[in-house]
Amino acid sequence: MGSVIEVEDIHIEIEYKKIKNMYLKVLPPDGEVRVIAPKRMSEAEIYRFVSAKTEWIRTAQAKYKNIPKPVEYRYETGELHYLWGQRYELWVMTGAPNRVWLREDKLMMQVKAHSTIEEREALLEKWYKEQLKTAMRTMCEQCVEITGRGPQEWRVKNMKTKWGTCNVTDGRIWLNVQLAKKPKECLEYVILHELTHLYVPNHGPEFKAYMDRFCPDWRAVKKRLNEPLR
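Right under this line is the structure:
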């Protein structure tokens, strides 16, 4: 169960979980503010916690306002899509079977007549997932050699707020399908980042020291990863 409070005209969504500590998040793309709180914590305690963070919240929300909003695709001829940082013009044709492929500087999509936006989106996402998995085969092996650690399992899925996650307990690493749109150096950075969590679960000084060793220019690559594609 959750609730909503207002703190200095800031709309705060509260989500209660079986945890010990409280967490504050400002989420993309619109700067939505969410508090993850222990189940027994009162709204008065949450209000005091958020009130002390209002300046930080407004700064974080301002950053999101300056970020261009995601393109709303209709998956029609003439749209621009990306693979490994390169821009391709989408060409849609009718036929069978449903498939996607590259032809020089064009991204070709063959679909049945009267296909829906949702069907085209699902087809393209499936293709991106295949591209990512193909690139991962070699890159994951290389990154495991660099770090000296590997997970029990690699998985791929679409994620809204994270490029990757590492479940240290289960030894499982997830990578975001959207990485297939970014330059391959960004994929390498995310893989190294998640593998480093097998040494250090947080992002403190020890984690950064490992990253400096495994990927010396990781800060610059991280910045490029989070920049919009042009």
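Those letters in the sequence shown? Residues 1 to 230, by my numbering. All C-beta atoms in this analysis are idealised placements derived from N, C-alpha and C, irrespective of residue type, glycine included.
Item: Name the DSSP beta bridge partners of Gln152, please?; Value: None; Gln152 has no bridge partner.
Item: What are the start and end residues of each continuous beta strand (DSSP E) run of 3 or more residues lying completely inside the segment 100-187, in chain order?; Value: 106-111, 153-157, 164-167 and 172-176
Item: Which residue marks the beginning of the beta strand (DSSP E) containing Tyr16, and which one marks its end?; Value: Ile10 to Lys17
Item: Check the C-beta distance from Arg155 over to Arg172 and give it rounded, since I have them as a contact under 8 Å.; Value: 6 Å
Item: Here's the rule: buried if 16 or more other CB atoms are within 10 angstroms of the residue's CB, otherwise exposed. What is Thr59?; Value: exposed
Item: Which of helix, strand or coil does DSSP assign to Pro205?; Value: helix
Item: Relative to the C-alpha of Asp170, which residue among Glu153, Glu15, Ser51 and Arg213 is closest?; Value: Glu153
Item: Hey, quick one: how far does the beta strand (DSSP E) through Trp91 stretch, first residue to last?; Value: Gln86 to Thr94
Item: With a 10 Å radius around its C-beta and 16 neighbouring C-beta atoms as the bar for buried, classify Glu194 as buried or exposed.; Value: buried
Item: Please identify the residue among Val50, Ala180, Val111 and Glu125 whose C-alpha is closest to the C-alpha of Lys25.; Value: Val50
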